Each structure stands twice: as C-alpha cells, then as structure tokens.
Amino acid sequence: MKLGMPTLIEFGQIQDNLELCSRLGLDFVELNMNLPIWNPESLSHKDLLAYKRQYHIDFTVHLPEELDLSSFHETIRRGHVERCKQAIEWASRSEISMLNMHLNQGVYFTLPDRKVWIYEKHKDLFMDNLLRSFSELYRFAEEKGVALCIENTGNFHLAFVREALRELGRFHGFYLTWDTGHDAKAGFMEEPVLQQNVTRIRHMHLHDYNGKSDHQPLYTGHVPVDARLDFAKSRKLTVVIEVKTGEALEQSVRRIRPDLA
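Just so we're aligned: the sequence shown equals residues 1 to 261 in the working numbering.
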C-alpha cells in the first residue's frame with residue numbers, strides 16, 4: 001500500500017504541495033486536472049520527472065470532473081475522449097501509471113414526484129456512446145502502460161450506472177477507485193458494486209463522512225477507516241488521503257501513521 005495526498009487548493013504553487021508530501025513522508029501527490037496548474041499545457045512531463053527526482057515522490061492523476069464520455073453531442077464526446085488521450089500520453093511520458101476518473105451520469109429532469117435521468121431514459125444511446133469511448137481509451141491506455149480507474153461518486157447505486165459498469169467489466173482495462181467518503185454519503189449503497197468487482201479495484205480515495213459532509217479528517221465520521229486500510233493493504237492499493245486542507249491532512253496522517261507526522 002502506498003499513501004498519497006490530493007492537490008490542495010490552499011496552495012498556489014506546485015512546490016507547496018510537493019514539499020508537504022515530502023515532509024509528511026507520503027509516497028505521492030494526486031495531480032488534479034480541474035486546476036489549471038496541473039495539466040499538460042502548464043506542467044511538462046520533463047518537469048514532473050524532475051520533481052520526482054527532487055522530492056523522491058510519485059504522482060497519480062485525477063482527470064477533469066466535467067468529462068462526459070457518453071455525451072449525445074458527438075463533437076463534445078470526441079473532445080472529451082481526446083482530452084483523456086492527451087492526459088494518458090502526458091502521464092505515460094511522466095512515468096505515471098494511475099489515472100482516476102468519474103463516470104458522468106448526466107443530467108436529470110425534476111418532475112413533481114421524482115427525478116428522471118436523461119441517460120437512463122435514453123439508455124441504449126448512452127451505453128453505445130460510453131462503450132465506444134472506453135473501448136478506444138482502454139486500448140490507448142494499455143499501449144501507454146496506464147490504468148484508468150473509475151471512481152464511485154455516489155452514483156454506483158443507480159441502476160443504469162450499475163449496468164454500464166457490468167458492460168465495462170468485459171474490458172481487460174476496466175479498473176476502479178473505491179472512494180470511501182462517497183460510499184458512506186450514499187448510505188454504503190455503493191460498496192456491494194465495488195465488492196462484486198473486487199479484483200478490479202486498484203486505487204482508493206480515503207476520507208470520512210460525518211453525516212453532513214464528506215472529505216472530513218479520518219476517524220471523525222462513519223467510515224470504517226481501519227477496515228478500509230486493511231483492504232487497501234491486502235490489495236496493495238495506492239491510497240489518497242483525500243481531505244482538502246493541509247491541517248486536515250496532517251491530522252489524518254498522524255492518526256494512521258504516527259511515525260510520519
């Protein structure tokens with residue numbers, strides 16, 4: 001098991017994140033492509049390789065959350081596929097082997113008595129677009145030696161998302177990220193889907209949920225942190241302690257690795 005930290009928005013400089021990671025004795029930083037300083041146009045693979053040597057740490061990548069590989073608009077879908085391929089190429093050149101991503105469930109119409117998900121209403125088209133996108137990306141990722149891990153974001157319990165995951169499971173390159181706080185926030189309804197695909201879990205986002213908000217410091221909420229860490233150790237996962245401030249990160253590191261903080 002390797003422990004890492006997320007990109008912290010309180011830091012305006014790349015080096016601030018890297019220095020904290022090194023000081024806490026963590027193994028890697030997850031580069032969040034939602035922020036402009038953590039993308040291929042701002043940060044070359046040569047820079048990343050130099051940072052690895054300088055700070056003796058590694059990296060994973062969090063792809064932009066707005067990616068929608070099932071979009072009904074073909075130009076948008078193709079643009080998002082191409083952005084994923086650019087990120088895979090960037091990661092490969094940077095000797096980064098793990099990319100985390102969300103599975104976009106699309107939008108819904110709010111009716112007087114329920115929500116209607118557009119992708120569920122037009123499930124055949126949703127599924128066709130999704131499988132075409134991932135078929136292309138999985139081939140490309142395998143060529144580049146990179147794993148794409150789909151993160152549960154509170155949507156794995158939706159019937160049409162579960163069906164999509166079953167279909168994606170037919171691909172050799174299908175891998176998952178277990179986000180513990182999202183699972184807890186969803187009433188642990190995502191855990192059964194993850195356990196059904198236990199051999200495909202490669203990555204973990206570890207944070208707590210206190211009944212109101214997730215991304216809380218470890219051991220402050222409802223997540224069985226020790227059990228999740230035991231699972232991660234048994235599967236040799238990369239684990240991001242995904243709290244969002246330096247203070248919360250240090251607090252969490254002290255709880256699980258007193259020798260590091």
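All residues carry an ideal CB built from backbone N, CA and C; glycine is no exception.
Quantities reported herein were computed from a predicted structural model and do not represent experimental measurements.
ask   = In chain order, what residues of the same chain lie with their CB nearer than 6 Å to the CB of N155, ignoring the 5 residues before and after it?
value = So the qualifying residues of the chain are Q105 and V161.
task = Throw me the rounded Cβ distance for the L130 and Y138 pair, which I believe falls under 8 Å.
result = In this structure L130 is not in contact with Y138, their Cβ atoms being roughly 12 Å apart against a cut-off of 8 Å.
message = Could you check whether A184 and Y219 sit closer than 7 Å to each other, using their CB atoms as the reference points?
response = When the beta-carbon positions are compared, Y219 and A184 stay at least 7 Å from each other.
ask   = For I150, which residues does DSSP report across the bridge?
value = Residue pairing from DSSP places I150 in a beta bridge opposite M101 and L176.
task = Evaluate the contact criterion for the segment 71-88 versus the segment 49-57: three or more CB pairs, one atom per stretch, below 8 Å.
result = The segment 71-88 is not in contact with the segment 49-57.
query = In this structure, does DSSP put G4 in helix, strand or coil?
reply = In the structure shown, G4 sits in a strand (DSSP, three-state: E or B).
ask   = Among I201, R254, I37 and A164, which one has its Cα closest to the Cα of H320?
value = Because residue 320 is not part of the residues shown, which for the chain are 1 to 261, the question remains open.
key: For V240: DSSP bridge partner residues   = BP columns for V240 point to G4 and H205.
request  = Pick out the complete beta strand (DSSP E) segments inside the segment 107-161, 3 residues or longer, and give them in chain order.
outcome  = Taking only runs of at least 3 residues, the beta strand (DSSP E) segments lying wholly in the segment 107-161 are 108-110, 115-117 and 147-151.
task = For H319, count neighbouring Cβ atoms within 10 angstroms of its own Cβ and tell me buried if that reaches 16, exposed if not.
result = Residue 319 lies beyond the stretch modelled for the chain, which goes from 1 to 261, so this question has no answer here.
query = Does the distance from the C-beta atom of C21 to that of M1 stay below 7 Å?
reply = In terms of Cβ geometry, C21 and M1 do not form a close pair [threshold 7 Å].
message = Excluding the 5 residues flanking A248 on each side, which residues of the same chain have their C-beta closer than 7 Å to its C-beta?
response = Same-chain partners within the cutoff: P217.
query = Residues in its own chain within less than 6 Å of V240 by CB, not counting five upstream and five downstream?
reply = In its chain, beyond the 5 residues on either side, G4, P6, E30 and H205 have a beta carbon closer than 6 Å to the beta carbon of V240.
task = Leaving out five residues on either side along the sequence, give the residues of the same chain with a beta carbon under 8 Å from the beta carbon of P64.
result = Within the same chain, P64 has close Cβ partners M33, N34 and R83.
request  = Mind listing, in chain order, the continuous beta strand (DSSP E) runs of no fewer than 3 residues lying wholly within the segment 29-68?
outcome  = Segments of the beta strand (DSSP E) lying fully in the segment 29-68: 58-62.
ask   = If S42 sits next to P36, beta carbons under 8 Å apart, how far is it from one beta carbon to the other, in whole angstroms?
value = Separation of the CB atoms of S42 and P36 is rounded to 6 Å, and the pair is thereby assigned contact status at 8 Å.
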